[in-house]
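S.K.: Mind looking over this structure? Questions follow.
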Amino acid sequence: MKTFYNTLKIEENICPPDCSACRKKCGEVQQDKGLDGTGIREVHIPEIDVHMAYTCNQCSDPACLDVCPTGAMTKSEADGIVRINDAKCLGCGLCDLSCPYGGIDFHAGSKKASKCDLCDGRPQCQEVCPVHAISFIKARSITQHFHEDPLLSGSSLCIGCVAETTLRFILRVMGKDTFLFGAPGCGTNMFNGQGIRTMIRIPAHMSNMTTVPSTMTGVKRYYRKMGKDVRCVAFVGDGCATDVGFQPLSGAAERNENIIFICYDNEGYMNTGVQRSSTTPYGGWTTTTPAMGKRKGKQIPSKNVPLIMAAHGIPYVATAVIAYPEDFLMKLLKAKAVKEGMSYIHILSPCILGWGFGIPASLDICRAAVETNYFPLWECEQGEYRLTKEVEKPKPISEYTKLLKKFSHLEKEDFEELQRIVDKRFRHIKALTKILL
Amino acid sequence: MSALKQMRKAGCEDAVTVLTMEDYPPYSPMSLPYVVSDKVKQADIQMVPDGFFDHMNATFTRGRKVVGIAPGEQRVLYNNGKGDSYDSLLIATGSDPFVPSILKKAGGIGFHVMDDCLALIQQLKARKKATILGAGLVAMELAAALKEKGNEVQVIAPRERILRNYFDIEASRRIIDLFADSGTAVNVNWGEATAAEQSGNEIKVRFNQDKALETEILLVCIGVKPRVSFLAGSGIDISEGVVVDRQMRTNIPNIFAAGDAAEAVDFFTGQRGLNPIVPNAVSQGKIAGSTMAGEKAEYEGWLPMNTFNFFGHLATSIGKTVPSKGDDALVEKDNGYYKKIICRDGKLLGAAFLDTDIDAGVIQYLIRKRTEIGRYKDILLHAPREVGLWLMNEAEKHETISKEE
């Protein structure tokens, strides 16, 4: 994982028509610096009802920097901001000619290029946006919690699978003195590697699917007895956590062992050829719940495992996706802080092969799952339920299912049924958040 | 420089030596007109910060001219009789201005390297009246720079159209008019110089059809040609420039070429040709660096493009600006601006803008990605900046969400 930097995030198509608050504010800020451009620009195209704003991406490999004939363009290693050194700038416009994203504002009149410099860390545009379309995402809130990355590069997971990024993220937050536990599944590649090489630099143990929690129990109790504080973290798929290894998991939760159990849920046995599991959703295609003729994928809803785990009364349970890193980080830190009792985190992990989608879409799918309430983000801390990312206007389930081939056979009544299941589940978790202890 | 940076980015730790025949720190020839106009100081056009080569773990040797290459022994030969061995070699020697000998003898100077620039600045101390032969980008940039500096300057264009690689006849005429408005005459259709002589401070040049002129400074900017003469006899395949494939490899193993010296493929036709401009040189350098570091990279071809600002006006062109048969050319204009886009089969092939609010790089993106613009070409012409940004954004999303849809 490379360094993260703060960044501006702009929501699409929520700008009010004719609004130019961000550009006007930016213009004032630039003018104070003696420049007459702007670093952000509203775009209104009434013909096709498009209203949004654009700014520089502060690219990691900026095209503008490559072409600048005088080296006036620089990217700071400290804050990632791409800046123009006005004294060296020719005003030749080559940066504007090379930036594919419209990040440079070039003025022939004054022979000057100007661009967004995030106001050196305090962007003014976001403060004046009347609809909060612009937000300033702070990377430091995440990176300050990062330890050295114990995973080396190169796993044999499918290209674009988020499981690797997810495990990397987990381990960077967990830090040293962490023991990793796993069971047969896609993640095996990251534990055992291929051939004689592994990509992991911390103790990692592979057990049978049925013995992960009990193995963790033994290791944790041993070290506790030796007076050492180590973290035992499991990273297993839904086959192990929710089906084959569920009894020992439930047993460990009942005993309230001090372990952190993380399930990456790809909704099936993806490593063995995409068979259904108890978390395969209603209507979802797998090789054992096919979609042909009258058969339309799995005909029963999935098992709501995080809720079942919360019902054990363990100190911490949460759902998470890598697409919301701040949320994910907060949950990992809470799980890490639990010194008495068990933590369980359930992660939705899209499977390129089994779900059927294009390689770069994993994060979009994670986001859509949250935005449609298909996979609400919540936590249950000491019995108290809380939605950690409440979606203001949930999108219809079709906005999620349309991204995935595994739902492509569904018809209108199937979507209605799936929507009903999603709504019912969301009402359930929402109701739980209102219970006063 | 791009190749070096790219090699290091790719994790290549091999020893690298960068040679230049000039005696200055690295700079781009395109900065030179701005030194003439005093927009920047000579010291400020240095491309890389001090300590750059140490940071890159590379050796920089200046004032060292390469006079030959012996691929069999893997050696480069220097003008001081010595040489060095190499494992891989990048030829990025750029280009030389073409100055016919009759003009050179009469005191005509080219304008391409720092020494030319310093010679011109020296001449300007005693003389004020300058004539520029040629009507390409260097000629026009230099004319604007000299005028801004307060010199009397005229441009002699051999043909009717100026900047003919970039603009159609109408845009060309409008640019000529804008030059005239600022007191700089652009005389077209003068053809080639046939004779020239110097007496004292005066240079006299005669052209066909009894045209003649007198000037104090004669700048010859009628074109550049790849600086490849030192490669004669090396066995390296040369047409006009060094012939390279899409990985910037020459016909000889471990020898690569990029930039003005290289003859790489055209984006549209896939045919090899010259296009000596900075953005194409930079992207070729990056491809060469990747290939030399053992990475897979493929050059998608060069596009003619430029952005030219003069007397507060801006002329920009990318790709094709004169339609071929079957192309769709759309124009919107009034007294203050000129906009033209060329499309074919719903894809953008090129665009030219004069005094229009645009993001040129976004237009280049739409051409290079062959973005579907068919339904939106009219509004793209009308509001190129807004619609361009939106089309780019949609294309980027389409690429990330799903290619299968």
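Quick mapping for you: the protein sequence lines, in order, are chains A and B. Be aware that the first sequence starts at 0, since it is given in numbering that gives the first Met the number 0, and climbs by one per residue. Be aware that the second sequence starts at 0, since it is given in numbering that gives the first Met the number 0, and climbs by one per residue. Glycine included, C-beta positions come from ideal geometry on N, C-alpha and C. Note that this is a predicted model, so its numbers are computed, not measured.
Figure out for me which residue from B:373, B:368, B:374 and B:289 has the closest Cα to the Cα of residue 396 (chain B).
M.R.: Residue mapping note: residue 396 (chain B) aligns to position 397 of the second sequence, counting from 1. For residue 396 (chain B), the nearest C-alpha among the options comes from B:368.
S.K.: Where does residue 403 (chain B) sit, in a helix, a strand or coil, going by DSSP?
M.R.: In the second sequence, residue 403 (chain B) corresponds to position 404, counting from 1. Note that residue 403 (chain B) scores 38 on pLDDT, short of 50, meaning its location in the model is unreliable; the coordinates nonetheless yield the value given after this. Three-state DSSP puts residue 403 (chain B) in coil, outside helix and strand.
S.K.: With DSSP as the reference, label residue 161 (chain A) as helix, strand or coil.
M.R.: Reading the first sequence from its first residue, position 162 is the one you call residue 161 (chain A). Here residue 161 (chain A) sits in coil by DSSP.
S.K.: Distance check for residue 393 (chain A) and residue 15 (chain A), CA to CA, integer angstroms please.
M.R.: Within the first sequence, the letter at position 16 stands for residue 15 (chain A). Within the first sequence, the letter at position 394 stands for residue 393 (chain A). Going by the C-alpha atoms only, they are around 21 Å apart.
S.K.: Output yes or no for whether 8 Å exceeds the beta carbon distance between residue 300 (chain B) and residue 284 (chain B).
M.R.: Position 301 of the second sequence, counted from the start, is the residue given in the question as residue 300 (chain B). Position 285 of the second sequence, counted from the start, is the residue given in the question as residue 284 (chain B). No.
S.K.: Pull the bridge partners of residue 197 (chain B) from the DSSP assignment, please.
M.R.: On the second sequence, position 198 is the one that residue 197 (chain B) refers to. Note: residue 197 (chain B) sits in a beta bridge opposite B:202.
S.K.: Take the Cβ of residue 100 (chain A) as the centre, count every other Cβ of all protein chains shown within 10 Å, and call the residue buried at 16 or more, exposed below.
M.R.: What you label residue 100 (chain A) is simply residue 101 of the first sequence in a count that begins at 1. Buried, since its Cβ has 16 or more Cβ neighbours within 10 Å.
S.K.: Note down, in chain order, each residue of its chain lying with its Cβ closer than 6 Å to the Cβ of residue 400 (chain B), except the 5 sequence neighbours on either side.
M.R.: Within the second sequence, numbered from 1, the residue matching residue 400 (chain B) stands at position 401. Low confidence applies here, because residue 400 (chain B) scores a pLDDT of 46, under 50, leaving its location unreliable; read the following figure in that light. Within the same chain, no residue comes within 6 Å of residue 400 (chain B) by CB-CB distance, once the 5 residues on both sides are set aside.
S.K.: Interface residues of chain B around residue 44 (chain A) at Cβ under 7 Å?
M.R.: Here residue 44 (chain A) corresponds to residue number 45 of the first sequence, with the count starting at 1. Ordered by position in chain B, the residues that pass the 7 Å Cβ test against residue 44 (chain A) are 378, 382, 385, 386 and 389.
S.K.: Distance, Cα to Cα, residue 262 (chain B) vs residue 380 (chain B)?
M.R.: Here the question's residue 262 (chain B) lines up with position 263 in the second sequence. Here the question's residue 380 (chain B) lines up with position 381 in the second sequence. Roughly 33 Å between the two C-alpha positions.
S.K.: Hey, does residue 437 (chain A) have any beta-carbon neighbour from chain B nearer than 8 Å?
M.R.: The shown model of chain A, from 0 to 436, leaves out residue 437 (chain A), and the question about it has no answer.
S.K.: Could you tell me whether any Cβ in chain A is nearer than 8 Å to the Cβ of residue 351 (chain B)?
M.R.: In the second sequence, the residue the question calls residue 351 (chain B) occupies position 352. So no, residue 351 (chain B) is outside the interface.
S.K.: Against residue 95 (chain A), what residues of chain B qualify as contacts under a CB-to-CB distance less than 9 Å, listed in chain order?
M.R.: Your numbering for residue 95 (chain A) matches position 96 in the first sequence. Result: 306, 315, 357, 358, 359 and 360.
S.K.: Cβ of residue 223 (chain B) less than 8 Å from any chain A Cβ?
M.R.: Along the second sequence, one-based indexing puts residue 223 (chain B) at 224. Interface residue (Cβ-Cβ distance to chain A less than 8 Å): residue 223 (chain B) is not classified as such.
S.K.: DSSP three-state label for residue 193 (chain A), please.
M.R.: Taking the first sequence and counting its residues from 1, one reaches residue 193 (chain A) at position 194. Reduced to three states, the DSSP call for residue 193 (chain A) is strand.
S.K.: Check whether the Cβ of residue 33 (chain B) lies closer than 8 Å to any Cβ atom in chain A.
M.R.: Residue numbering aside, residue 33 (chain B) sits at position 34 when the second sequence is read from its first letter. Residue 33 (chain B) counts as touching chain A.
S.K.: If the cut is a Cβ gap below 7 Å, which residues of chain A does residue 43 (chain B) touch?
M.R.: Residue mapping note: residue 43 (chain B) aligns to position 44 of the second sequence, counting from 1. Those within 7 Å of residue 43 (chain B) in chain A are 69, 86 and 87.
S.K.: Pick from B:177, B:119, B:192 and B:244: whose alpha carbon is nearest that of residue 215 (chain B)?
M.R.: Within the second sequence, the letter at position 216 stands for residue 215 (chain B). Closest option to residue 215 (chain B), Cα to Cα, is B:119.
S.K.: Ends of the beta strand (DSSP E) at residue 179 (chain A)?
M.R.: Locating residue 179 (chain A) in the first sequence gives position 180, counting from the first residue. First-last of the beta strand (DSSP E) with residue 179 (chain A): 177-181.
S.K.: Within 8 Å of any Cβ in chain B, is that where the Cβ of residue 399 (chain A) sits?
M.R.: By 1-based counting over the first sequence, the position of residue 399 (chain A) is 400. Residue 399 (chain A) does not count as touching chain B.
S.K.: Got a sec? Which residues, its chain only, sit under 6 Å from residue 244 (chain A) by beta carbon, not counting five neighbours each side?
M.R.: Working through the first sequence from its first residue, we reach residue 244 (chain A) at position 245. Answer for residue 244 (chain A): 208, 209 and 211, listed in chain order.
S.K.: Kindly provide the ranges of any alpha helix (DSSP H) runs that are 4 or more residues long and lie completely inside the stretch 285-364 of chain A, ordered along the chain.
M.R.: 304-310 and 324-336
S.K.: Would you tell me roughly how many angstroms separate the C-alpha atoms of residue 180 (chain B) and residue 189 (chain B), rounded to the nearest one?
M.R.: Translated into positions along the second sequence, residue 180 (chain B) becomes position 181. Translated into positions along the second sequence, residue 189 (chain B) becomes position 190. Near 21 Å, if we compare the C-alpha coordinates of residue 189 (chain B) and residue 180 (chain B).
S.K.: Which chain A residues are close to residue 303 (chain B), counting only those with a beta carbon under 8 Å from its beta carbon?
M.R.: Residue mapping note: residue 303 (chain B) aligns to position 304 of the second sequence, counting from 1. Result: empty, since nearest Cβ-Cβ is about 12 Å, beyond 8 Å.
S.K.: Is the separation between the beta-carbon of residue 36 (chain B) and that of residue 125 (chain B) shorter than 8 Å?
M.R.: Translated into the one-based positions of the second sequence, residue 36 (chain B) becomes position 37. Translated into the one-based positions of the second sequence, residue 125 (chain B) becomes position 126. It is not a contact, given that the beta carbons lie outside the stated cut-off.
S.K.: Just the Cα atoms here: how many angstroms apart are residue 198 (chain B) and residue 63 (chain B)?
M.R.: Start at 1 with the first residue of the second sequence, and residue 198 (chain B) comes out as number 199. Start at 1 with the first residue of the second sequence, and residue 63 (chain B) comes out as number 64. About 36 Å.
S.K.: Quick one: grab the DSSP three-state call for residue 205 (chain A).
M.R.: The residue labelled residue 205 (chain A) in the question sits at position 206 within the first sequence. The answer is strand: DSSP assigns residue 205 (chain A) an E or B state.
S.K.: Cβ of residue 366 (chain B) within 8 Å of Cβ of residue 348 (chain B)?
M.R.: Start at 1 with the first residue of the second sequence, and residue 366 (chain B) comes out as number 367. Start at 1 with the first residue of the second sequence, and residue 348 (chain B) comes out as number 349. Yes; because the gap between Cβ atoms is below 8 Å, this pair is in contact.
S.K.: Chain A partners of residue 46 (chain B), CB-CB under 9 Å?
M.R.: Taking the second sequence and counting its residues from 1, the one referred to as residue 46 (chain B) is at position 47. Correct list: 67, 68, 69 and 70.
S.K.: Taking residue 335 (chain B) as the reference, give the member of B:355, B:76 and B:281 with the closest Cα.
M.R.: Start at 1 with the first residue of the second sequence, and residue 335 (chain B) comes out as number 336. Ranking B:355, B:76 and B:281 by Cα distance to residue 335 (chain B) puts B:355 first.
S.K.: Inspect the CB distances between the stretch 262-279 of chain A and the stretch 334-342 of chain A and report whether three or more fall short of 8 Å.
M.R.: no
S.K.: Restricting to runs no shorter than 4 residues, where is the alpha helix (DSSP H) found entirely within the stretch 297-367 of chain B?
M.R.: 359-367
S.K.: Indicate the three-state DSSP secondary structure (helix, strand or coil) for residue 88 (chain A) in the structure shown.
M.R.: For this step, residue 88 (chain A) is matched to residue 89 along the first sequence. Here residue 88 (chain A) sits in coil by DSSP.
S.K.: State the Cα-Cα distance for the pair residue 440 (chain A) and residue 165 (chain A), rounded to the nearest angstrom.
M.R.: The requested residue 440 (chain A) does not occur in the structure, where chain A is confined to residues 0 to 436.
S.K.: What is the rounded straight-line gap between the Cα of residue 369 (chain A) and the Cα of residue 385 (chain A)?
M.R.: To locate residue 369 (chain A), count along the first sequence from 1; it is residue 370. To locate residue 385 (chain A), count along the first sequence from 1; it is residue 386. Looking at the two C-alpha atoms, the distance is approximately 15 Å.
S.K.: Are residue 420 (chain A) and residue 324 (chain A) close, meaning C-beta to C-beta below 8 Å?
M.R.: Position 421 of the first sequence, counted from the first residue, corresponds to residue 420 (chain A). Position 325 of the first sequence, counted from the first residue, corresponds to residue 324 (chain A). No, these two residues do not count as a Cβ contact at 8 Å.
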